[in-house]
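For the sequence shown, the numbering used here gives the first residue as 3, with consecutive numbering after it. I have placed the structure first, in the form of structure tokens, so that the comments after it can refer back to it.
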Amino acid sequence: MERDFEMDSDDTDASEMDKENHQPIDCPANDDVDVKPQPKKNTVPRDRFRWLKKEFISPNTDFSGSEITNDATSLLTPLEYFQKFVTEDMIETLTRNTNEYSLQKNGTSVNTNNKEIEKMLGMYLKMGLMQMSGVRMYWETDTRYTPVSDVMSRNRFQSLLTSLHFINNLTVSEMEKKDKLWKLRPWLNSFRERCLQVVPEEHNSVDEMMIPFKGRFSNIKQYMRGKPHPWGFKLWVRTGISGMLCDFDVYQGSVVGIRQAKSELGLSGDVVMKLASTLPEGQNYKIYADNYFTCVPLVVKLLERGIHYVGTARQVRLPNCNLEDEKSLKKKGRGSFDVRVEGNHNICAVKWYDNRGVTLVSSFAGPEPVQKIQCWDKATKTIIDVERPYIVGTYNKHMGGVDLLDSFAAKYKFPMKSHRWYIYIFWHTIILAVINGWLLYKRDCKALKMTKKEILNRRRFQAQLASSLILVNTHNTSPKRGQPSSGKTVTSGSPLDPQKRPSSSDVSPPAKRSSDHPPLDVRKDMIAHFPVKTKRGRCRHCNNGYTNTL
3 MERDFEMDSD DTDASEMDKE NHQPIDCPAN DDVDVKPQPK KNTVPRDRFR
53 WLKKEFISPN TDFSGSEITN DATSLLTPLE YFQKFVTEDM IETLTRNTNE
103 YSLQKNGTSV NTNNKEIEKM LGMYLKMGLM QMSGVRMYWE TDTRYTPVSD
153 VMSRNRFQSL LTSLHFINNL TVSEMEKKDK LWKLRPWLNS FRERCLQVVP
203 EEHNSVDEMM IPFKGRFSNI KQYMRGKPHP WGFKLWVRTG ISGMLCDFDV
253 YQGSVVGIRQ AKSELGLSGD VVMKLASTLP EGQNYKIYAD NYFTCVPLVV
303 KLLERGIHYV GTARQVRLPN CNLEDEKSLK KKGRGSFDVR VEGNHNICAV
353 KWYDNRGVTL VSSFAGPEPV QKIQCWDKAT KTIIDVERPY IVGTYNKHMG
403 GVDLLDSFAA KYKFPMKSHR WYIYIFWHTI ILAVINGWLL YKRDCKALKM
453 TKKEILNRRR FQAQLASSLI LVNTHNTSPK RGQPSSGKTV TSGSPLDPQK
503 RPSSSDVSPP AKRSSDHPPL DVRKDMIAHF PVKTKRGRCR HCNNGYTNTL
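So this is what it looks like as structure tokens:
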């Protein structure tokens, strides 16, 4: 059987594209491919927008959307928060397709079930909390990690990973296969639907997210200079300022044989419109994006839907907008700025000079009120006051949601390697589901006015979630039958070698530590967690050493 899961091998295929400026090719080089005729480009007339030097009057932008309700009366368990984004139906579909795929591929089914898939997810989350350089190390004698290795054998874990599948290959049409993500599409659609159920925040940011991948067998891999992981899969993402994932789309490039009509917004503007289409209209939601996405027609299109926009902009995307150049602003000193207002749609453009010039465009934020901030001055080596327009402050405050989500996703994520490139995207959705569940948990904790010490951090939340995925609805495993083993082999120099350890008479025994309670899901699953009558012992927490249970 050909393995499509890579247990420990290094990414030896990472050097196949060692040219830094190489970009993935989306369009086929074969001239024989039937290509739909490309319609005439819809260009924007340069005289469509009239920029005037006048005072900007901000419109009424009072938020009228659904408020994030703080009426939570009790907390859910980490597993219940996670299941808001990875539901039992999704696990059931994954289990069924995994069994069918293994039967089609090998002639025999792996015969897995929902609980075993949940155990596999819990093992993956535990690997992220205690990371090693290879998957095999969790089962090896010298580096064995029992919270993972005792759940299932290494061979069974590998068998499940190689058979993991999300769709029945025999029922997919040729039209559906034009989607480069067709093997993962059912899972992505279900996960996206669950993310859309979250009540969106008033302020949303749109940006790119990279899933690290340097393999050679993917036709949607991208290279982005300046990113922490420049090679990988690119996602367009909309989040709230808390980092909550609300909507996303995986960038596939162009589809073979089909050339899409170009709109006046361009690719980046169309992305913002697609991610904003899932926001309610006319309720004064705000979207923030950088200069890759910003153009004046995009701001106008969003205004027509009752959605406001703030973003940095490139000067070439502001036709007829004659803002002062950077040289003249530099002469005026740090904190100087220039303003122009578009007369037809009341859009404000501000160019502000700090250490260098930056241009911003907005449909609701202008330069007023001007704020004073403290900045370090290299020339005088002192802290000075610098004027900052209001539009710059509101952009800095609300723009970092996607970067925050990216930083959350980089923590406690095990870099599982696979020969199937779309598996990398699947594992990333699992981590995003954990993060969204944790952020919902923190939202409820805030509603209940819990102290910071009482709130689970991300690491403890993921640890409890992993334990629940593994233990809930699981019976105690009976000991193996047969002749007991003779014990572990101790090599010279090992910590288990008696000659290398001090005598037991010279060292006092370690203090006993009280065991932690199992997760609430495990305690109340009505399986294998009932009181058992045993020999009476002493209680270390009672003054007299005994306690009564009845």
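For each residue, glycine too, the CB sits at the ideal point set by N, CA and C.
(message) Quick check on this structure: which residue in Leu442, Phe428, Pro521, Val474 has the alpha carbon closest to the alpha carbon of Lys86?
(response) Minimum Cα distance to Lys86 is reached at Leu442.
(message) So, at 6 Å on beta carbons, what are the nonlocal neighbours of Cys447 in its own chain, with the 5 sequence-adjacent residues on each side left out?
(response) Result list for Cys447: Ile457, in chain order.
(request) Write down the C-beta distance between Lys236 and Met226 rounded to the nearest angstrom, noting that I regard them as a contact closer than 8 Å. (result) Their Cβ separation, rounded to whole angstroms, is 7 Å, which keeps Lys236 and Met226 in contact under 8 Å.
(message) On the CB-based measure, 16 or more other CB atoms within 10 Å of its CB, does Trp354 come out buried or exposed?
(response) It is buried - the Cβ of Trp354 has at least 16 other Cβ atoms within 10 Å.
(request) Give a yes or no on contact between the segment 48-66 and the segment 189-199, applying the rule of three or more CB pairs nearer than 8 Å. (result) They do not touch, by the three-pair rule.
(request) Assign Arg316 to one of three DSSP states: helix, strand, or coil. (result) Here DSSP, grouped into helix, strand and coil, assigns Arg316 to coil.
(message) Please state whether the Cβ-Cβ distance between Leu305 and Ser244 is less than 8 Å.
(response) No; because the gap between Cβ atoms is not below 8 Å, this pair is not in contact.
(request) State the start and end residues of the unbroken alpha helix (DSSP H) segment that holds His430. (result) DSSP places His430 inside the alpha helix (DSSP H), whose first and last residues are 424-449.
(message) Below 8 Å, how does it come out for the segment 365-375 and the segment 385-396: are there three or more Cβ pairs, yes or no?
(response) Yes: at least three Cβ pairs fall under 8 Å.
(request) Can you have a look at Arg218 and say buried or exposed, based on whether 16 or more other CB atoms are within 10 angstroms of its CB? (result) Classified as exposed, Arg218 has fewer than 16 neighbouring CB atoms from the shown chains inside 10 Å of its CB.
(request) Indicate the three-state DSSP secondary structure (helix, strand or coil) for Cys377 in the structure shown. (result) When secondary structure is reduced to three states using DSSP, Cys377 falls in the strand class.
(message) Can you confirm whether the segment 309-325 touches the segment 287-299 when touching is taken to mean that 3 or more C-beta pairs between the two stretches lie within less than 8 Å?
(response) Inter-segment contact for the segment 287-299 and the segment 309-325 is present: three or more beta-carbon pairs are separated by less than 8 Å.
(request) Look up Ala468 in the DSSP assignment and say whether it is helix, strand or coil. (result) If DSSP states are grouped into helix, strand and coil, Ala468 belongs with the helices.
(request) With DSSP as the reference, please indicate the residues paired to Asp523 in a beta bridge. (result) Answer is none; Asp523 lacks a bridge partner.
(message) Here's a check: name, in chain order, each residue in its chain whose Cβ is nearer than 7 Å to the Cβ of Ala74, leaving out the five neighbours to either side.
(response) The answer, listed in chain order, is Asp446, Ala449, Leu450.
(message) For Tyr253 and Ala351, what's the separation of their Cα atoms in angstroms?
(response) Looking at the two C-alpha atoms, the distance is approximately 30 Å.
(request) Kindly indicate which three-state DSSP category Met139 falls into: helix, strand or coil? (result) DSSP places Met139 in the helix class (H, G or I) of the three-state scheme.
(message) Let's test the definition: count the other Cβ atoms within 10 Å of the Cβ of Trp378 and tell me whether it reaches 16, buried, or not, exposed.
(response) Exposed is the call here.
(message) What would DSSP say about Trp184, mapped onto helix, strand or coil?
(response) Coil at Trp184, not helix or strand.
(request) Identify the continuous beta strand (DSSP E) that holds His205 and give its terminal residues. (result) His205 -> beta strand (DSSP E) spans 205-214.
(request) Measure how close the beta-carbons of Arg460 and Phe416 come, nearest whole angstrom, since I'm counting them as under 8 Å. (result) At roughly 15 Å, the Cβ-Cβ gap does not stay under 8 Å, so Arg460 and Phe416 are not in contact.
(message) Can you look up Gln301 in the DSSP assignment and give me helix, strand or coil?
(response) It is worth fixing the name first, because residue 301 is Val in this sequence and not Gln. Here Val301 sits in helix by DSSP.
(message) Classify Gln376: buried if its beta carbon has 16 or more other beta carbons within 10 angstroms, exposed otherwise.
(response) Flag for Gln376 reads exposed.
(message) Rounded to the nearest angstrom, what separates Ile427 and Cys544 at their Cα positions?
(response) When rounded, the distance between both Cα atoms is 52 Å.
(message) Spatial neighbours of Asp292 within its chain, please: C-beta separation below 8 Å, excluding the five flanking residues on both sides.
(response) For Asp292, where only same-chain residues beyond five positions count, the Cβ hits under 8 Å are Asp209, Gly313, Thr314, Met401.
(request) List the endpoints of the continuous alpha helix (DSSP H) containing Arg538. (result) Counting along the chain, no alpha helix (DSSP H) covers Arg538, and no H or E run does either.
(request) Check Lys43 in the structure and name its three-state DSSP category. (result) Any reading at Lys43 needs caution, since the residue's pLDDT is 46, under 50, leaving its predicted position unreliable; the model's value is listed next. The answer is coil: DSSP assigns Lys43 none of H, G, I, E or B.
(message) Between Ile433, Gly337, Gly242, Ser279, which has its C-alpha nearest Tyr290's C-alpha?
(response) Nearest to Tyr290 by C-alpha distance, out of Ile433, Gly337, Gly242, Ser279, is Gly242.
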